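From first to last, the protein sequence lines are chains A and R. Counting in our numbering, the first sequence runs from 190 upward without gaps. Counting in our numbering, the second sequence runs from 381 upward without gaps. Backbone N, C-alpha and C define an ideal beta-carbon position, used for all residues, glycine too. The structure displayed is predicted, hence computed values, not measured ones. The structure under discussion appears below in the form of structure tokens.
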Amino acid sequence: MVDPDDAPTPALAERFLLEVAVTTPIVVGTLATGGVREYHAACDGRLHGEGLEGTVIGGGETLLRRPDGIGVLEANFLVQTADGAILRIIGTGYRTQEGPFTGTRMTIVFEVDEAGPHAPLSTRAYVAERPSGSDRYTIAEIV
Amino acid sequence: MQLEFALEIRMALGARMHIHLAEGYTRGAVLVQGGTFSGPGLKGTLVEGSGGDFPLVRTDGGGRFESQYLLRTDDGAVILKRSAGVRHAKPDVIRRLMAGEEVDPHDYYMRMTPRFEAPAGPYAWMNHSIFVGVGRRNPTGSLFRFWKVV
Numbered sequence: 190m191v192d193p194d195d196a197p198t199p200a201l202a203e204r205f206l207l208e209v210a211v212t213t214p215i216v217v218g219t220l221a222t223g224g225v226r227e228y229h230a231a232c233d234g235r236l237h238g239e240g241l242e243g244t245v246i247g248g249g250e251t252l253l254r255r256p257d258g259i260g261v262l263e264a265n266f267l268v269q270t271a272d273g274a275i276l277r278i279i280g281t282g283y284r285t286q287e288g289p290f291t292g293t294r295m296t297i298v299f300e301v302d303e304a305g306p307h308a309p310l311s312t313r314a315y316v317a318e319r320p321s322g323s324d325r326y327t328i329a330e331i332v
Numbered sequence: 381m382q383l384e385f386a387l388e389i390r391m392a393l394g395a396r397m398h399i400h401l402a403e404g405y406t407r408g409a410v411l412v413q414g415g416t417f418s419g420p421g422l423k424g425t426l427v428e429g430s431g432g433d434f435p436l437v438r439t440d441g442g443g444r445f446e447s448q449y450l451l452r453t454d455d456g457a458v459i460l461k462r463s464a465g466v467r468h469a470k471p472d473v474i475r476r477l478m479a480g481e482e483v484d485p486h487d488y489y490m491r492m493t494p495r496f497e498a499p500a501g502p503y504a505w506m507n508h509s510i511f512v513g514v515g516r517r518n519p520t521g522s523l524f525r526f527w528k529v530v
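Right, here's the structure in full:
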């Protein structure tokens, strides 16, 4: 008999580092729906870690500075791996400037060619963290 | 990054509906019929009819999980939960899940990353936290547990 309350307990396993250099923010302005929207285009970067080495070739981050002081972040980075594959990293999360952690935390999924060597990336969910003042995300798989 | 337990949701499910988008590619829809949630400093019920779970299932095992519904705390706050997630399993496990059979949750990977919109006040911390969750689908309901990333 299966215990109906039994479920896996998740953990975070660090897999990759993502270093991204971005341009000076491009400010859209104050939105009628609240907050200030800005965009940071990625101009350089590197993804490396477990079995993976790649270069950031495009994408960026958009930040909505909400009226409550929280920044809502959406990231979208294109990475070309050393073996020629293209990965898309899609992240959503928050940037906080006060509290026990200051910086950005987001959840991530990968889009990859399902017939390629990196296909397993898209079968898992990830979280990422970048402390204030750093240009480097630590990416951990939710195991 | 570490995980700190935040809440558990027990959801009663309505009728299972399927939208067959293409061969081997199906959107499921199950509406919230009620349920409860609890965690440290957090307790209440799910708002019936406020939304549901909408998994995108591929018969080859891949899938994405989306959900949206409302929570109402015992002290009257209404909180919107929106979640995205990844589900991956072997094709025979997917077939059993789709058929509504009881499946051992350790036999598939299902991890969610919800967002919450809570009113200003004691639950405002949910508005700038990220969470990871696991779930299991039972024939008559779903169980989800969520941890906050700290």
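With a threshold of 9 Å between beta-carbons, can Y283/A be considered close to chain R, or not? Output row for Y283/A: interface = yes.
In chain A, what lies closer than 7 Å to P525/R by C-beta? Note on identity: in this sequence residue 525/R is Arg, with Pro being the wrong assignment. Correct list: A196.
With a threshold of 8 Å, are at least 3 pairs of Cβ atoms found where one atom belongs to the segment 408–427 of chain R and the other to the segment 462–474 of chain R? Too few Cβ pairs lie closer than 8 Å, so no.
Same chain only: Cβ atoms within 6 Å of S323/A, ignoring 5 sequence neighbours per side: Scanning its chain for C-beta atoms nearer than 6 Å, with the 5 sequence neighbours on each side dropped, one finds no residue around S323/A.
Using a Cβ cut-off of 8 Å, which residues of the segment 307–324 of chain A contact any Cβ in chain R, in chain order? Under the 8 Å Cβ criterion, the segment 307–324 of chain A contributes S311, T312, R313, A314, V316 and E318.
If distances are taken between C-alpha atoms only, which option among E446/R, A469/R and T453/R comes closest to Y503/R? Of the listed residues, the one whose Cα sits closest to Y503/R is T453/R.
How many whole angstroms separate the CB atoms of D272/A and P306/A, which I take to be in contact at a CB cut-off of 8 Å? Correct: roughly 7 Å between the Cβ atoms.
Compile a chain-ordered list of the residues in the segment 199–210 of chain A whose CB is closer than 9 Å to at least one CB of chain R. Cβ contacts with chain R: P199, A200, L201 and E203.
Please report whether the beta-carbon of S418/R lies at a distance below 9 Å from any beta-carbon of chain A. Output row for S418/R: interface = no.
Smallest Cα separation from G513/R: which of I246/A, G240/A and T296/A? Nearest of I246/A, G240/A and T296/A to G513/R, Cα basis: T296/A.
Bounding residues of the alpha helix (DSSP H) (the contiguous stretch that carries L310/A): Following the DSSP letters along the chain, one finds L310/A in no alpha helix (DSSP H), marked with neither H nor E.
Range covered by the alpha helix (DSSP H) that runs through M478/R: Per DSSP, the continuous alpha helix (DSSP H) segment holding M478/R begins and ends at P471 to M478.
Suppose you measure from the CA of T415/R to the CA of A386/R; what does that come to, to the nearest Å? The identity of residue 415/R in the sequence shown is Gly, whereas the question assumes Thr. Between G415/R and A386/R, the C-alpha separation is close to 17 Å.
Using a Cβ cut-off of 9 Å (strictly closer), state whether F290/A contacts chain R. Using beta-carbon distances, F290/A counts as an interface residue toward chain R, with a partner under 9 Å.
Give the residues from the segment 244–269 of chain A that approach chain R closer than 8 Å (Cβ to any Cβ), ordered along the chain. So the list reads D257 and I259, given in the order they occur along the chain.
Shorter than 9 Å from the beta carbon of A338/A to some beta carbon of chain R? Look at the range of chain A in this structure, 190 to 332, and you will see that residue 338/A is not part of it.
Is it true that the CB of Q382/R sits closer than 9 Å to the CB of V529/R? Less than 9 Å separates the beta-carbon of V529/R from that of Q382/R.
Cβ-based neighbour list, P435/R, same chain, cut-off 8 Å, excluding 5 preceding and 5 following: Closer than 8 Å at Cβ, skipping near neighbours: R407, G408, G443, R444, F445, E446 and R467.
Are Y228/A and L262/A closer than 9 Å when you measure CB to CB? Contact flag unset, no.
So for A274/A, helix, strand or coil by DSSP? Coil.
Apart from the five residues on each side of it in sequence, which residues of its chain come closer than 7 Å, Cβ to Cβ, to E242/A? T270 and A271, listed in sequence order.
List the residues of chain A that V514/R touches, going by C-beta distances under 8 Å, in chain order. A196, P197, T198 and P199, listed in chain order.
Between I259/A and the rest of its own chain, which residues show a CB-CB distance below 6 Å, the 5 nearest in sequence each way excluded? So the list reads Y283, once near-sequence residues are dropped.
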